[in-house]
Amino acid sequence: MNELKRMGAKITIEGKTAVIKGVRRLNGAVVNSTDLRGGAALVTAALAAKGTTIVENIEYILRGYEKLDMKLQNLGAKIYIKNT
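Residue numbers (the working numbering): 3 to 86.
As structure tokens, this is what we get:
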């Protein structure tokens with residue numbers, strides 16, 4: 003949730019419920035992937051965001067989604083994995 007907020011998402015927690023208010027646009031940011039599905043959500047948000055997003059700690063994503071970067075590139079995404 004906090005990582006999406008860095009990108010401009012409007013999210014609050016009310017009890018056991020997440021309240022998400024729509025925004026006109028998300029902005030690129032440096033975000034941290036902490037699990038498989040959360041990381042995939044960050045990648046999806048990054049594709050919709052204006053500017054560049056860097057998703058750190060992508061090990062979870064890479065283990066769970068084979069060749070995700072290539073599949074998204076085939077759909078027209080400008081995405082790549084930086085070798086460290």
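Every residue, glycine too, gets a C-beta built ideally from N, C-alpha and C.
Treat the numbers as computed from the prediction; the structure is a model and nothing was measured.
Q: Check the C-beta distance from Val32 over to Leu44 and give it rounded, since I have them as a contact under 8 angstroms.
A: So it is not a contact: roughly 11 angstroms between Cβ atoms.
Q) Using the rule of at least 16 other Cβ atoms within 10 Å of the residue's Cβ for burial, across every protein chain shown, is Ile15 buried or exposed? A) Flag for Ile15 reads exposed.
**Q.** Continuous beta strand (DSSP E) stretch holding Val21: start and end
**A.** It spans Thr19 to Lys23 - the beta strand (DSSP E) in which Val21 sits, taken as one unbroken run.
Q.
According to DSSP, is Asn34 part of a helix, a strand, or is it coil?
A. Assigned with DSSP and collapsed to three states, Asn34 falls in strand.
Q. So the beta strand (DSSP E) Lys12 belongs to, where does it begin and stop?
A. It spans Lys12 to Glu16 - the beta strand (DSSP E) in which Lys12 sits, taken as one unbroken run.
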